[in-house]
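**Student:** When you read off a place in the sequence shown, starting at 1, and then add 23, the result is the number in this note's numbering. Every residue gets a Cβ at the ideal spot worked out from N, C-alpha and C, and that includes glycine. A single structure is presented below for examination.
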Amino acid sequence: MNKPLIAANWKLNKTIQETESFIKEFLPSVKNNNEVEIVLAPPFTSLYIANLALKDSQVKLAAQNIFYEDKGAFTGEVSAPMLADVGCSYVIIGHSERRQYFNETDDIVNKKIRAARKHNLSVIFCIGESLNERQMGLTFKVVQRQLKEGLRDIELYNITIAYEPIWAIGTGKTATPEQAQEVHSFIRNWLISNFDNVGKEIRIIYGGSVTPENIKSLMNCPDVEGALVGGASLKADSFSKIVNYKF
Ligand code: PEP
């Protein structure tokens with residue numbers, strides 16, 4: 024098993040002041056946790072202050088999105104060099120909310136992954152099926168297409184795959200450990216058959232209504248190597264219970 028990664032995706036939440044007070048409360052509770060790689064993804068406006076506040080800790084900083092060009096006439100966008108400059112070492116790419124509300128296609132996701140890698144940002148690459156797709160028996164087909172297109176012509180390093188069934192995101196309907204393991208194992212086999220042994224070293228994490236109550240049973244699955252956490256990452260107390268699931 025690779026070292027687990029647990030990331031907080033705050034989405035469109037938290038002011039600068041709220042970010043500072045979360046970090047102040049959170050850091051002491053994870054001071055001795057070297058078992059898990061911990062990542063926080065605040066909104067863009069909080070990245071600068073979060074980077075300062077995390078400076079003496081092991082907790083890493085992520086952006087929730089990126090644009091694939093480095094600079095130019097792209098109003099409203101933020102580039103990989105800008106994210107690296109503000110202290111990010113990770114970026115979330117391909118989240119289902121970006122695919123759904125901002126029309127991000129597999130091709131755009133692929134361009135974004137390339138841009139991140141060019142500037143040494145590690146990628147949390149999100150994939151997952153909708154409820155309709157699951158009910159139609161298309162889960163593996165969808166996940167395979169997203170992997171194949173998203174990773175097209177990309178060397179496999181500094182990537183974490185986040186399997187996030189859309190029906191489990193923000194709904195309180197977590198995938199059962201069996202459902203998560205089944206898809207994680209499919210992803211693992213796909214990675215190995217397309218990238219040989221390197222495919223074994225790629226972390227596959229789960230996202231979708233992860234809480235302090237269900238993290239242990241998910242982490243007991245052999246191919247679940249961490250979590251991407253939305254709602255339950257907004258309170259320092261609940262997110263620290265999740266990252267400290269071993270203690
Ligand atoms: C997410 O946004 O990536 C997520 C998994 O959200 P939640 O934990 O709230 O389901």
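Nearer than 7 angstroms: is that true of the beta carbon of K34 relative to any heavy atom of the ligand PEP?
**Tutor:** It does: the Cβ of K34 is within 7 angstroms (strictly closer) of some heavy atom of the ligand PEP.
**Student:** Can you pull the DSSP bridge partners for V62?
**Tutor:** DSSP output for V62 lists A30 and K83 as bridge partner(s).
**Student:** Rounding to the nearest angstrom, what Cα-Cα distance links Q202 and A255 in this structure?
**Tutor:** For Q202 and A255, the distance between alpha carbons rounds to 21 angstroms.
**Student:** At a cut-off of 7 angstroms, is H118 close to the ligand PEP when judged by its beta-carbon and the heavy atoms of the ligand?
**Tutor:** Flag set: Cβ of H118 near the ligand PEP.
**Student:** As a quick exercise: from K269, N267, K264 and L257, pick the residue whose alpha carbon is nearest that of K34.
**Tutor:** If we check each option's Cα against that of K34, L257 comes out closest.
**Student:** When you compare the stretch 170 to 184 with the stretch 140 to 159, are there three or more beta-carbon pairs, one atom per stretch, that lie closer than 8 angstroms?
**Tutor:** Contact holds: three or more Cβ-Cβ distances are below 8 angstroms.
**Student:** Considering only heavy atoms of the ligand PEP, does any lie closer than 7 angstroms to the CB of A64?
**Tutor:** No, Cβ of A64 sits at least 7 angstroms from all heavy atoms of the ligand PEP.
**Student:** Pick out the complete alpha helix (DSSP H) segments inside the stretch 215 to 270, 4 residues or longer, and give them in chain order.
**Tutor:** Those alpha helix (DSSP H) runs which fall completely within the stretch 215 to 270 and span 4+ residues are 238 to 242 and 259 to 266.
**Student:** Less than 8 angstroms between the beta carbons of G231 and A259, yes or no?
**Tutor:** Against a cut-off of 8 angstroms, the Cβ pair of A259 and G231 comes out as no contact.
**Student:** Helix, strand or coil for I116, going by three-state DSSP, please let me know.
**Tutor:** If DSSP states are grouped into helix, strand and coil, I116 belongs with the strands.
**Student:** Spatial neighbours of G110 within its chain, please: CB distance less than 6 angstroms, with the 5 preceding and 5 following residues excluded, ordered by chain position.
**Tutor:** The residues are N74 and L84.
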